[in-house]
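Letter 338 of the sequence shown, counting from 1, is numbered 411 in this note's numbering, and no numbers are missing. To keep things clear, I will list the structure first and then write my remarks on it.
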Amino acid sequence: MRVLILADSLFAARERTLLSRLELGLADEGFVVLQAVPESVKSGLGASLQEVYARGITYNPHTFPLFKGLAVRTIVKALAEADQLDQPQDIDIVHVFGGSAWQLGRDLARELDAGLALEVWRYGLAARTSELTLDPSDRVIYVAPDPLTQQQLTKRQPQQRVHLAEWGVIASDARDILAPGKAASFMLAGTGRDAAAFAAALSGLAPVLRENELSLAFCDATAARRAELWPIAKKLGILHKISLIEDLEGRRDLLLQGDVLVLPEAAGEQRGIALEAMANALVVIAARDPQVSILQDTITARLVEARVASAWEDAFRQTLADVPASRALGKRAFEHVAQHRRASAYVRSVLKAYDSLLEQASV
Numbered sequence: 074m075r076v077l078i079l080a081d082s083l084f085a086a087r088e089r090t091l092l093s094r095l096e097l098g099l100a101d102e103g104f105v106v107l108q109a110v111p112e113s114v115k116s117g118l119g120a121s122l123q124e125v126y127a128r129g130i131t132y133n134p135h136t137f138p139l140f141k142g143l144a145v146r147t148i149v150k151a152l153a154e155a156d157q158l159d160q161p162q163d164i165d166i167v168h169v170f171g172g173s174a175w176q177l178g179r180d181l182a183r184e185l186d187a188g189l190a191l192e193v194w195r196y197g198l199a200a201r202t203s204e205l206t207l208d209p210s211d212r213v214i215y216v217a218p219d220p221l222t223q224q225q226l227t228k229r230q231p232q233q234r235v236h237l238a239e240w241g242v243i244a245s246d247a248r249d250i251l252a253p254g255k256a257a258s259f260m261l262a263g264t265g266r267d268a269a270a271f272a273a274a275l276s277g278l279a280p281v282l283r284e285n286e287l288s289l290a291f292c293d294a295t296a297a298r299r300a301e302l303w304p305i306a307k308k309l310g311i312l313h314k315i316s317l318i319e320d321l322e323g324r325r326d327l328l329l330q331g332d333v334l335v336l337p338e339a340a341g342e343q344r345g346i347a348l349e350a351m352a353n354a355l356v357v358i359a360a361r362d363p364q365v366s367i368l369q370d371t372i373t374a375r376l377v378e379a380r381v382a383s384a385w386e387d388a389f390r391q392t393l394a395d396v397p398a399s400r401a402l403g404k405r406a407f408e409h410v411a412q413h414r415r416a417s418a419y420v421r422s423v424l425k426a427y428d429s430l431l432e433q434a435s436v
């Protein structure tokens, strides 16, 4: 059985760890996994690409509609060469991660005579499913990583199959955060598209950084540029307290050296980075997001109103003022994901979705 994992630029860069674990899990079940990622992702990731995308190819996501058919055939040929396929139709399932790659995934599935699994990783993507034209002959399943997204998909696509596959993580060792005598580090992650939310979080963090000599903040560089945080940090007098990190979400090893993960935006997005933080007993302070079920106040995270600076400040102060309570919150989150969000359970759920697709093929 062969599966093609097709990811768009955003997803491939942000969720490398998730895709890697899925690939390994599928391989353990006897699947052969091929991956296709945009050329820009390969150049940006360098050697790490090979660690995640074994038997991988790259594609150009900026193809003119007039040459769409040629682009699909080029990818199919590259896949055959990468894995020495006897026939392109040897690929059974195309699993698409990232909404901007849905149309390409559909066309590839048709060319390969394969089933199509569409990962709806963001709540708002459920509304976009109606924009993708499907034929009665297309074998499709929507894969939702959150029960709330699953419900929305079921309402919007009552004629299609919808399967829940909650993302998983490996929770192996809960560490003690906020060690005495060491710098308390806050890791700010997100897209920066909600500039007001980022500004509120930074404004709430500023007095805490100024008052705590050892405290530091690290922020995703792209998000900081998009939200124009540097002038705000300068005005707040905390430039010396902040470091910008390129591709922070993709660099999980660095991120998990922190104590507190800060997620200023409420965009209905699933984020592997939140699961990783919980699996390492970090404190997650996040904007209240009713469309993301893993964010549960006092259980997995400390939730605040996204654009209220005083709410962010209160949450940050409370985190540093009561270290035992903060550690307890981190460990509750650790226990929650260890029980409810295992990586192995995620792989099993994906396999069930694939079984559903294969059932369609046999009808």
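Ideal placement from N, C-alpha and C gives every residue a C-beta, glycine not left out.
Across which residues does DSSP place residue i in a beta bridge pair?
i, result
"I130", "A109"
"L191", "V169, Y215"
"R375", "I358"
"F291", "M260, S316"
"E342", "R195"
"L79", "A109, V169"
"L334", "M260, V357"
"L55", "This structure cannot speak to residue 55, because the chain is shown only from 74 to 436."
"D370", "A374"
"R415", "V242"
Suppose you measure from the CA of residue i to the CA of residue j; what does that come to, to the nearest Å?
i, j, result
"R151", "I130", "Inspection of the sequence shows that residue 151 is occupied by Ala rather than by Arg. When rounded, the distance between both Cα atoms is 7 Å."
"T222", "A85", "21 Å"
"L376", "L334", "12 Å"
"V398", "N353", "According to the sequence as given, residue 398 is Ala; it is not Val. One C-alpha to the other measures close to 16 Å."
"L405", "L348", "In the sequence as presented, Leu is not what sits at residue 405; that position holds Arg. Cα to Cα, the separation comes out at about 13 Å."
"P280", "R183", "56 Å"
"H135", "A247", "43 Å"
"F104", "D163", "12 Å"
"Q412", "A272", "35 Å"
"E124", "D81", "Note on E124: pLDDT 47, under 50, position unreliable in the model; the coordinate value appears next. One C-alpha to the other measures close to 18 Å."
"E96", "E284", "45 Å"
"C292", "Q232", "43 Å"
"A416", "M351", "13 Å"
"V109", "S383", "The question names Val, yet the displayed sequence has Ala at residue 109. Their Cα atoms are separated by approximately 44 Å."
"A394", "R298", "31 Å"
"A268", "G171", "23 Å"
"Q364", "P220", "9 Å"
"Q230", "W194", "16 Å"
"G265", "R87", "14 Å"
"H409", "A359", "17 Å"
"L282", "E386", "10 Å"
"L424", "E342", "23 Å"
"A418", "L368", "19 Å"
"V149", "A244", "37 Å"
"V327", "G178", "Before going on, a small fix: residue 327 reads as Leu here, not Val. Distance between the alpha carbons of L327 and G178: 33 Å."
"V216", "W240", "11 Å"
"L402", "V106", "37 Å"
"S316", "I346", "19 Å"
Of the residues the options, which one's Cα is nearest the Cα of residue i?
i, options, result
"F389", "E322, L198, G254, P337", "P337"
"K314", "R324, E322, D320, W303", "W303"
"R234", "T202, F259, R283", "T202"
"R212", "G345, V167, R421, A416", "V167"
"D320", "R414, A300, T295", "T295"
"I372", "H236, F407, D249, L287", "F407"
"A262", "L393, G142, R344, L177", "R344"
"Q391", "R414, V356, H409", "V356"
"L289", "R75, T264, A270, I318", "I318"
"E204", "L282, A174, L181", "A174"
"R325", "M74, E301, L91", "L91"
"H236", "E192, D101, R146", "E192"
"R421", "A238, S245, E286, I243", "A238"
"R380", "D249, L368, A274, L328", "A274"
"R414", "V242, T147, M74", "V242"
"M74", "L107, T147, D165", "D165"
Round the Cβ separation of residue i and residue j to the nearest angstrom and send it over; I've been treating them as touching at under 8 Å.
i, j, result
"A426", "I78", "About 13 Å separates the two Cβ atoms, so there is no contact after all."
"Y132", "E112", "7 Å"
"A65", "D370", "The question about residue 65 has no answer, for the chain in this structure spans 74 to 436."
"R89", "G323", "6 Å"
"F259", "G331", "7 Å"
"V76", "L99", "6 Å"
"D101", "V145", "In fact, because the Cβ distance is near 30 Å, the residues do not count as touching under 8 Å."
"R400", "D249", "6 Å"
At the 7 Å Cβ level, is residue i part of the contact set with chain E, yes or no?
i, result
"N133", "As a matter of chain content, chain E is missing from the structure shown, which is built from one protein chain."
Inspect the CB distances between the stretch 419-431 and the stretch 182-191 and report whether three or more fall short of 8 Å. Yes: at least three Cβ pairs fall under 8 Å.
Do the stretch 249-259 and the stretch 195-215 make contact, defined as three or more Cβ pairs closer than 8 Å? The stretch 249-259 is not in contact with the stretch 195-215.
Could you tell me whether the stretch 213-233 touches the stretch 197-204, using the rule of 3 or more Cβ pairs below 8 Å? Enough Cβ pairs lie closer than 8 Å, so yes.
Contact the stretch 269-280 vs the stretch 294-313: 3+ CB pairs below 8 Å: Three or more beta-carbon pairs drawn from the stretch 269-280 and the stretch 294-313 are found closer than 8 Å, and the two stretches are therefore classed as touching.
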